[in-house]
Amino acid sequence: GSSARAIPVPRPPRPPPRKRTGLLAAAAAMARAARSSRASAAPLLLLAVAAVAYLCLTPAFVAAPRAASQAPQAVDLRVAAATSAGLAPLALEAPAGAYDSVVAMLQS
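Its first residue numbered 6, the sequence shown is counted upward by one per residue in our numbering.
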């Protein structure tokens, strides 16, 4: 028989690499710098661990200062009394409104 030769098929050109932004770009730049200067990975790893520790161990919020006097408690009691007095009519109306809605639901 005859032997057939395979014809090479040209591959399409590769698209240009996407530009990296943000943290990924910084990490890629540091990796290139470490490879090009033949530096060991230990300082880079130590820097990354220090950054993570700093971000994880810093406080996320600042607590409010403690009250120095007893005056704010008097204001809180007045607010609680006014709120209770304002909501008292609603507490009396709620059972009747609930009963009416249940009766209307049962009748439908």
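Ideal Cβ placement from N, Cα and C applies to all residues, glycine included.
The structure displayed is predicted, hence computed values, not measured ones.
Taking residue i as part of the alpha helix (DSSP H), name the residues at either end of that continuous run.
{"i": "residue 68", "result": "No alpha helix (DSSP H) holds residue 68; DSSP gives it neither H nor E."}
At the level of alpha carbons, what is the spacing between residue i and residue j?
{"i": "residue 104", "j": "residue 95", "result": "14 Å"}
{"i": "residue 53", "j": "residue 31", "result": "12 Å"}
{"i": "residue 82", "j": "residue 71", "result": "18 Å"}
{"i": "residue 84", "j": "residue 61", "result": "39 Å"}
{"i": "residue 86", "j": "residue 58", "result": "48 Å"}
{"i": "residue 68", "j": "residue 89", "result": "30 Å"}
{"i": "residue 107", "j": "residue 113", "result": "10 Å"}
{"i": "residue 111", "j": "residue 91", "result": "32 Å"}
Consult DSSP for residue i and reduce its assignment to one of helix, strand or coil.
{"i": "residue 11", "result": "coil"}
{"i": "residue 89", "result": "helix"}
{"i": "residue 113", "result": "coil"}
{"i": "residue 17", "result": "coil"}
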